[in-house]
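Peer 1: Keeping their order, the protein sequence lines are chains A and B.
Oh and the first sequence: position 94 is 1145 in the working numbering, straight run, nothing missing.
Oh and the second sequence: position 134 is 1185 in the working numbering, straight run, nothing missing.
Virtual Cβ for every residue (Gly too), placed ideally from N, Cα, C.
Below is a structure I'd like to ask you about.
Number of protein chains: 2
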Amino acid sequence: MNQYDKAMSAAEQQCAQSGSRLTEKRKHILSGLLKSEKALSAYELVDFCKNEYNESIPAMSVYRILDFLQSERLVHKLSTANKYVACSHITCKHEHEVPQFLICSECQHVEEIGISKSLIETLQKNAKKVGFELVSPQLEINAICHTCLDKT
Amino acid sequence: MNQYDKAMSAAEQQCAQSGSRLTEKRKHILSGLLKSEKALSAYELVDFCKNEYNESIPAMSVYRILDFLQSERLVHKLSTANKYVACSHITCKHEHEVPQFLICSECQHVEEIGISKSLIETLQKNAKKVGFELVSPQLEINAICHTCLDKT
DNA sequence: TATGATATGATACAACATAACATTTTTGGG
DNA sequence: CCCAAAAATGTTATGTTGTATCATATCATA
Ligand SMILES: [Zn+2]
Ligand SMILES: [Zn+2]
Ligand SMILES: [Zn+2]
Ligand SMILES: [Zn+2]
């Protein structure tokens, strides 16, 4: 079974476990994010569903579906880019760490990596010094991927 | 001289030094950010100028002015919030470090702090591992300020 | 004062996102 | 199986953020 099928099947399991339904439309949106392997906007996902499945999903519904997928921890929102990306750890058993996203400013390719406990603690300590408490943090870093760097 | 006046005067100096002009409108936008002490959207700055100076600046101009102020390193854009904030180090002589912003999700209060060299190096190393180069990074962390935390 | 460069205005529109209410689909108890 | 409640999706309108383009005004300086 390839990575895509594994992810879809893990997503089914995740939803079954939490007692929610992974409908066709929700699957299509998730598949768009999984197949593209990059961050997509809600409207790009509308286009994807039109092109790939000849299915017209209104933007409103796509946003709702993205909310659902986020609540199931299958998808993350990248606030700096106003785009959405499939979680890289859908197939993993382990608890989801505080995520860090490296986002290529050129091609929107995204890598999701965990942040080490010690790094989190450092950030937390620094925040506290200036009167802030981290709640459910997430780091988004704009960078250039090596593929795009080589092209220039 | 209070902090606000110091900042405006330092901004004048900065622009003089780089041979650019800090016009009235540019001053008004900057003053909006300095006085509010929180992150504001371009459209909120339009309102500020209307209320404070009875001056109608089109949104287009506000965006241009914000671009200018960013190029002079007087203002930062917070991409996660789609808002803008005055640099906390306008009056400082030292080089501007890689900035980290703690943004209160409740009240939009922002603290800008520098990131230590060693932390940057850690981030850079982690990025390299997954094929990314940081260019001009900036960390934005959504958190809750203690004032808002106490209210709840 | 003429000229070019810089700054601002006006208008239109693109892209991202939500509010409010209607309709359809699913589900589970009687 | 049927119905009512809950969940999912559709429709329409609108709000928010941001850019493109072309026009006009202001400033510097020769
Ligand atoms: Zn994830
Ligand atoms: Zn790239
Ligand atoms: Zn700064
Ligand atoms: Zn606050």
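For residue 1142 of chain A, would you say it is in contact with chain B, using Cβ-to-Cβ distances shorter than 9 Å as the test?
Peer 2: Start at 1 with the first residue of the first sequence, and residue 1142 of chain A comes out as number 91. Not closer than 9 Å to any Cβ of chain B, the Cβ of residue 1142 of chain A fails to qualify, so no.
Peer 1: Of the residues A/1136, A/1199, A/1149 and A/1151, which one's Cα is nearest the Cα of residue 1080 of chain A?
Peer 2: By one-based count along the first sequence, residue 1080 of chain A stands at place 29. Nearest C-alpha to residue 1080 of chain A: A/1136.
Peer 1: Since residue 1154 of chain A contacts residue 1132 of chain A with CB under 8 Å, what's their CB separation in whole angstroms?
Peer 2: Here residue 1154 of chain A is taken as the residue at index 103 of the first sequence, counted from 1. Here residue 1132 of chain A is taken as the residue at index 81 of the first sequence, counted from 1. With a Cβ gap of about 6 Å, residue 1154 of chain A and residue 1132 of chain A count as contacting.
Peer 1: Show which residues of chain A have a CB atom less than 7 Å away from the CB atom of residue 1171 of chain B.
Peer 2: The residue labelled residue 1171 of chain B in the question sits at position 120 within the second sequence. By Cβ distance, chain A contributes nothing, its closest Cβ being about 11 Å from residue 1171 of chain B, past 7 Å.
Peer 1: Please specify which runs of the beta strand (DSSP E), each continuous and at least 3 residues long, are wholly inside the segment 1102-1156 of chain B, giving them in chain order.
Peer 2: Here the runs fully enclosed are 1126-1129, 1134-1137 and 1150-1155.
Peer 1: Tell me residue 1183 of chain A's beta-bridge partners as DSSP assigns them.
Peer 2: Here residue 1183 of chain A refers to the residue found at position 132 when the first sequence is read from its first residue. According to DSSP, residue 1183 of chain A bridges with B/1196.
Peer 1: Are the C-beta of residue 1117 of chain B and some C-beta of chain A separated by less than 9 Å?
Peer 2: One-based indexing of the second sequence puts residue 1117 of chain B at position 66. No - not a single Cβ of chain A is within 9 Å of the one on residue 1117 of chain B.
Peer 1: Hey, how far is the Cα of residue 1113 of chain A from the Cα of residue 1106 of chain A?
Peer 2: Indexing the first sequence from 1 puts residue 1113 of chain A at position 62. Indexing the first sequence from 1 puts residue 1106 of chain A at position 55. Rounded to the nearest angstrom, the two C-alpha atoms are 12 Å apart.
Peer 1: Given 8 Å as the limit, is there contact between the segment 1066-1080 of chain B and the segment 1141-1149 of chain B, that is, 3 or more CB pairs closer than that?
Peer 2: Counting Cβ pairs under 8 Å, fewer than three are found: no touch.
Peer 1: Going along chain A, which residues have a C-beta under 8 Å from residue 1188 of chain B?
Peer 2: The residue you call residue 1188 of chain B lines up with position 137 of the second sequence. By Cβ distance, chain A contributes 1192, 1193 and 1194.
Peer 1: Quick one, which of A/1158, A/1169, A/1191 and A/1181 has its alpha-carbon nearest residue 1200 of chain A's?
Peer 2: Here residue 1200 of chain A corresponds to residue number 149 of the first sequence, with the count starting at 1. Residue A/1158 is the option with its Cα nearest to residue 1200 of chain A.
Peer 1: With H, G and I counted as helix, E and B as strand and the rest as coil, what does DSSP make of residue 1073 of chain A?
Peer 2: Within the first sequence, numbered from 1, the residue matching residue 1073 of chain A stands at position 22. Coil at residue 1073 of chain A, not helix or strand.
Peer 1: Looking at residue 1061 of chain A and residue 1188 of chain B, is the spacing between their C-beta atoms short of 9 Å?
Peer 2: Reading the second sequence from its first residue, position 137 is the one you call residue 1188 of chain B. Reading the first sequence from its first residue, position 10 is the one you call residue 1061 of chain A. Not closer than 9 Å, so no.
Peer 1: Could you tell me which of A/1071, A/1141 and A/1130 sits nearest to residue 1082 of chain A, measuring between CA atoms?
Peer 2: Translated into the one-based positions of the first sequence, residue 1082 of chain A becomes position 31. With distances taken between Cα atoms, residue 1082 of chain A lies closest to A/1141.
Peer 1: So, using beta-carbon positions, are residue 1055 of chain A and residue 1086 of chain A closer together than 9 Å?
Peer 2: For the purposes of this step, residue 1055 of chain A is identified with residue 4 of the first sequence, where counting begins at 1. For the purposes of this step, residue 1086 of chain A is identified with residue 35 of the first sequence, where counting begins at 1. It is a contact, given that the beta carbons lie within the stated cut-off.
Peer 1: Assess, as a yes-or-no matter, whether the segment 1169-1185 of chain B is touched by the segment 1160-1172 of chain A under the definition of 3 or more beta carbon pairs within less than 8 Å.
Peer 2: As far as the Cβ criterion goes, the segment 1160-1172 of chain A touches the segment 1169-1185 of chain B, which means the pair count is three or higher.
Peer 1: With a threshold of 16 other CB atoms inside 10 Å of the CB of residue 1067 of chain A, please say whether the residue is buried or exposed.
Peer 2: For the purposes of this step, residue 1067 of chain A is taken as residue 16 along the first sequence, with counting starting at 1. That one is exposed.
Peer 1: Decide if residue 1151 of chain A is buried, meaning its Cβ has at least 16 other Cβ atoms within 10 Å, or exposed.
Peer 2: As a first step, residue 1151 of chain A is located in the first sequence; it is residue number 100 there, counting from the start. Label assigned to residue 1151 of chain A: buried.
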